[in-house]
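Numbering (the numbering used here), first residue to last: 675 to 1072.
Right, here's the structure in full:
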């Protein structure tokens, strides 16, 4: 019988894992099913561009995986039974259960309202394509001079504020940050970011906590309010809630606890990748939720699964950071180089070259989904006659 591999989620990490497995394993030996709620692959790192009115290339998943050995199923995941090794999904033809021998959990994350009153009712998110499209429609209806407030001074908030300000210079754009503007960057990076915000006319409210969101304003901890015809909420992400409802071991954040090969520490037939996994990088520091983390975790999981099924040596992909790539509109950017554990170093690239660099990174990420072995020739291996379902503890002592 074929070994059944089910991959949940076709973001960067899930799609890469599915494609890489299909190129590592012989088609007669495995059945790989990729489940995703949307029919297209979504370039999540470009959602601020969608919100600002730009059109992106459509990438139908059925076409991307045609002829690869991966079966694409458009469906929403309802639940996971990790003990029975089955997944309940709902698709165009109704509800059904998918049984698996190996599960790759890549359902990722969505916006996090942080429990702030009024956020769910009045704020917009750009962590998903539907959210970015709703924001685009709302921005298009705004008259000149109307205020737009972006809450969140991290990468997502900075990219959203600068993209909107560049695309709509007639709007009054403000950025509200709990800390200092770009306080995680190097001095050079901070200076450049501040200069771009000044050039684009973005009002920055630093060291400001938002405590409430209303239809026409946001309230702050010091009792003042910032006018907002539109509020964009970009304060971080929360993982998909399904894992927390299973018997899988999860962290306080709801991420699946995994070992160095992205395998669940409680269920050895389950792997988690991307934002869904609590994975450790250099110095055992948890990896941040990002495409930069998701891609190498997908490589690691796919290669580990293939090795275990074929009796090969399980590799370990280095999980480390090199830089943070930040677009500041279409004409400017910031590439902040970092230590392996993601701390800023003095060196940074800025300006048009940095914008070009970031664009190459975005294009490269999408290309990597369609080319999960980076264009290198591969050989599909046959699975071992009786692959042993070794536990993580048994492997550690082998």
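Quick reminder that beta carbons are idealized off the backbone N, C-alpha and C, glycines included.
For residue i: DSSP bridge partner residues
i, result
"residue 679", "706 and 776"
"residue 714", "734"
"residue 988", "Answer is none; residue 988 lacks a bridge partner."
"residue 946", "779"
"residue 901", "891"
"residue 932", "938"
"residue 952", "931"
"residue 911", "785"
"residue 725", "None, per the DSSP bridge assignment."
"residue 906", "798 and 824"
"residue 960", "954"
"residue 699", "1055"
Beta carbon of residue i nearer than 8 Å to that of residue j
i, j, result
"residue 930", "residue 917", "yes"
"residue 975", "residue 945", "yes"
"residue 681", "residue 778", "yes"
"residue 957", "residue 1016", "no"
"residue 793", "residue 887", "yes"
"residue 780", "residue 691", "yes"
"residue 714", "residue 735", "yes"
"residue 879", "residue 775", "no"
"residue 1036", "residue 720", "yes"
"residue 716", "residue 813", "no"
"residue 747", "residue 768", "no"
"residue 963", "residue 783", "yes"
"residue 985", "residue 1058", "yes"
"residue 927", "residue 754", "no"
"residue 971", "residue 993", "yes"
Proximal residues to residue i (C-beta, below 6 Å), its chain only, five neighbours per side dropped
i, result
"residue 799", "785, 805 and 907"
"residue 1061", "Note that residue 1061 scores 46 on pLDDT, short of 50, meaning its location in the model is unreliable; the coordinates nonetheless yield the value given after this. Taken in chain order, the residues that qualify are 983."
"residue 771", "760 and 762"
"residue 788", "909"
"residue 882", "850 and 894"
Nearest to residue i (by Cα), restricted to the options the options
i, options, result
"residue 875", "773, 847 and 898", "847"
"residue 1055", "949, 695, 745 and 691", "695"
"residue 824", "852, 1000 and 769", "852"
"residue 816", "761, 890, 1059 and 675", "890"
"residue 999", "1010, 940 and 796", "1010"
"residue 728", "710, 837, 892 and 691", "837"
"residue 741", "732, 756, 758 and 701", "701"
"residue 1052", "997, 765 and 697", "697"
"residue 687", "935, 961, 1043 and 754", "1043"
"residue 818", "845, 679 and 977", "845"
"residue 1023", "755, 915, 861 and 927", "861"
"residue 1029", "1041, 1021, 1008 and 1046", "1008"
"residue 948", "830, 881 and 965", "965"
"residue 756", "809, 703, 970 and 922", "922"
"residue 839", "1032, 979, 872 and 707", "872"
"residue 893", "796, 803, 978 and 859", "796"
"residue 1020", "858, 834 and 1027", "858"
"residue 1045", "738, 706 and 955", "738"
"residue 934", "973, 675, 877 and 703", "973"
"residue 997", "986, 980, 1031 and 960", "1031"
"residue 980", "685, 703, 722 and 834", "703"
"residue 977", "1004, 926, 1047 and 722", "1047"
"residue 1038", "969, 829 and 1004", "969"
"residue 706", "679, 731, 730 and 732", "679"
Beta-carbon proximity list for residue i, same chain, < 8 Å, skipping 5 on both sides
i, result
"residue 856", "827, 832, 863, 864, 867 and 868"
"residue 1065", "Model confidence at residue 1065 stands at a pLDDT of 48, short of 50, so the residue's coordinates are unreliable and nothing is read from them."
"residue 932", "938, 939, 945, 946, 951, 952 and 953"
"residue 1069", "Unreliable placement is indicated for residue 1069, whose pLDDT of 48 sits below 50; the coordinate value is still reported in the next sentence. So the qualifying residues of the chain are 988."
"residue 791", "885, 886 and 887"
"residue 1067", "Bear in mind that the predicted position of residue 1067 carries a pLDDT of just 46, short of 50, making it unreliable; the figure below should be weighed with that in mind. Taken in chain order, the list of residues that qualify is empty."
"residue 1074", "As displayed, the chain neither begins before 675 nor continues past 1072, which places residue 1074 out of reach and without an answer."
7 Å Cβ shell around residue i - same chain, five flanking residues per side excluded
i, result
"residue 841", "726 and 727"
"residue 870", "836, 1002 and 1006"
"residue 807", "724"
"residue 751", "682, 709, 761, 763, 781 and 916"
"residue 834", "722, 725, 800, 824, 906 and 908"
Heavy atom of the ligand NAD within 7 Å of residue i beta-carbon
i, result
"residue 971", "The ligand NAD is not part of the structure shown, which contains no ligands of any sort."
- Can you give, in chain order, each stretch of the alpha helix (DSSP H) that sits fully within the stretch 741-776 and has at least 4 residues? none
- Message: Threshold first: 3 residues or longer. Then list the beta strand (DSSP E) segments lying entirely within the stretch 995-1066, N to C.
- Response: 997-1001, 1007-1012 and 1018-1024
- Message: I'd like the ranges of any alpha helix (DSSP H) spanning at least 4 consecutive residues and lying wholly in the stretch 813-899.
- Response: 829-841 and 861-874
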